[in-house]
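>
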């Protein structure tokens, strides 16, 4: 007879065997899935590797093409350098003309911009600037504006000029009396009234004033012509386009300068508008000189450029056809 313990042991053995069988089947299934996944992964890796190899091959081909172009460029360098040297030599030969004096105007006709520099300051339009620079200049450009009560005084404007040079924020245009008080409070320099400017001209007979009156040009020149008829030819009015020309000549001004910094017209149209007119000179901004200066000279006009403060720029502008310049600090005869 089989003992109770033997039966229990046999049942346990069968149960364990069954469990092991199930575990084996499950493990086999899992291994099969893993192998299948590994195979798919390997296939994907092979595909990626093939794609990468193609990319590398394309990159190598592109690099080879670039190297070939670089080789061609390197081979051409000696010829390029030779051509550059030849071009530079020709340009340098032309640059010698920078040092030649302009034919149409002498350095004595250089214009002191806003009276010229004074104590390191520009745009002062002051009596001190006129006094300091009269030893070297005879032509002085001065900015003129109206006071609230209709008097002309020497200042660039009532906004930026007042803030930068006087340190004032003006809410309104000052009267003549208020202007005089502003001038009295400014210890750095003395802005003049038109009366004071004319008095200075009387004391300095060699000097003339080039006016810069901007949008008040007609009224300002009319004011000068009617209030100082005996002195008006000590002034050379600037006009900003040829529409002013006949009017200014009718006021009796002997010399007139056309300045084109406000004229935005086409270069050829500007030159044609001035052709045949009696002008003391034409003035162009320095950056427009390469396009306008030689054309004006060829049409018979003397040409100034503004505002120029280095000898190098002056020499370059002469190459483009500029005769002389407006300057803060370039002393005539020394540059």
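Numbering (UniProt numbering), first residue to last: 1 to 335.
Heads up, the beta-carbon is just placed ideally off N, CA and C, and yes, glycines get one too.
The structure displayed is predicted, hence computed values, not measured ones.
Count the C-beta pairs between the stretch 315-329 and the stretch 112-119 that are closer than 8 Å, then say yes if the count reaches three, no if not.
yes
> Taking the straight line between their C-alpha atoms, what separation do you get for residue 214 and residue 333?
If I take the Cα positions, the gap works out to 30 Å.
> Using 10 angstroms around the beta-carbon of residue 212, count the other beta-carbons present and answer buried if the total reaches 16, otherwise exposed.
buried
> Is the CB-CB distance between residue 149 and residue 172 below 7 Å?
Their beta carbons are not under 7 Å apart, which means residue 149 does not touch residue 172 by this criterion.
> Helix, strand or coil for residue 91? Go by DSSP, reduced to three states.
Here residue 91 scores only 48 on pLDDT, less than 50, and its place in the model is too uncertain to base an answer on.
> Is residue 50 buried or exposed, if buried means 16 or more other CB atoms sit within 10 Å of its CB?
exposed
> Among residues of its own chain, excluding the 5 on either side of residue 284, which ones have a beta-carbon nearer than 7 Å to its beta-carbon?
260, 292, 293, 303, 305
> For residue 44, does the count of other Cβ atoms within 10 angstroms reach 16, so buried, or fall short, so exposed?
exposed
> Using DSSP bridges, identify the partner residues of residue 191.
126
> Inspect the CB distances between the stretch 156-163 and the stretch 222-242 and report whether three or more fall short of 8 Å.
no
> Whole angstroms is fine: what's the gap from residue 131's alpha carbon to residue 117's?
11 Å
> Between which two residues does the beta strand (DSSP E) holding residue 141 run?
Where residue 141 is concerned, the enclosing beta strand (DSSP E) stretches over 139-146.
> Since residue 185 and residue 126 should fall inside the 8 Å C-beta cutoff, what is the C-beta to C-beta distance between them, to a whole number of angstroms?
Wrong, their Cβ atoms sit about 14 Å apart, outside the cutoff.
> Cutting at 7 Å between CB atoms, please list the residues of its own chain near residue 170, excluding the five before and the five after it.
158, 162
> Determine which residues share a DSSP beta bridge with residue 216 and list them.
DSSP, once it has assigned bridges, lists no residue as partnering residue 216.
> Which same chain residues, not among the five before or five after residue 147, have their C-beta less than 8 Å away from its C-beta?
153, 173, 174, 175, 176, 178, 179
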